[in-house]
Amino acid sequence: MAQISIIVEFKLKPGQQEPFEDLIRAHAKASLEQEPGCLRFDVLRPFEKDGSPVNDCIWLAELYRDEAAVKEHEATDRLAILGEKVGPMVLSRRLVYGAVIAP
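Residue 17 in our numbering is what sits at position 13 of the sequence shown, and the numbering runs on without skipping anything.
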């Protein structure tokens with residue numbers, strides 16, 4: 005079975021980037037440490053081609069061993085608790101799943 009990548013784009017309410025980043029960094033670290041099927045979990049600050057920041061926006065790039073590892077991640081209490089904490093900080097969230105077809 006193919007590895008699964010998840011790309012998430014969060015658009016945040018003004019003034020929420022720093023507290024959101026603190027929470028999401030801790031979540032990424034815990035996912036890597038506690039979930040053997042979580043192979044990579046990057047937290048990204050997007051920027052424009054000219055180097056200017058895209059304010060109030062965070063991207064996640066996650067990589068999982070397989071679909072079972074994604075399901076394990078999505079079922080964690082930690083993810084549900086995170087959702088409760090960051091929900092009030094978020095204007096929108098876009099989630100895209102992809103099968104890895106080349107390294």
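Using N, Cα and C, we set each Cβ at its ideal position, and we do this for glycine too.
Since we're looking at a predicted model, the values are computed, not measured.
N-terminal and C-terminal residue of the alpha helix (DSSP H) that residue i is part of
i	result
Phe24	Gln21 to Gln38
Lys89	Asp81 to Val90
First and last residue of the uninterrupted beta strand (DSSP E) at residue i
i	result
Val47	Cys42 to Leu48
Gly102	Val94 to Ala103
Lys15	Ile8 to Leu16
Under 9 Å between C-beta atoms of residue i and residue j
i	j	result
Ser38	Arg82	Looking at the sequence shown, residue 38 is not Ser but Gln. Their beta carbons are under 9 Å apart, which means Gln38 touches Arg82 by this criterion.
Ile10	Val90	no
Val104	Gln7	yes
Helix, strand or coil at residue i according to DSSP, with G and I counted as helix
i	result
Val58	coil
Ala73	helix
Counterpart residues of residue i in DSSP-defined beta bridges
i	result
Glu66	Ile10 and Phe45
Are the segment 31–48 and the segment 92–103 touching by the rule of at least three beta carbon pairs closer than 8 Å?
No, because fewer than three Cβ pairs between the segment 31–48 and the segment 92–103 fall closer than 8 Å, the two stretches do not touch.
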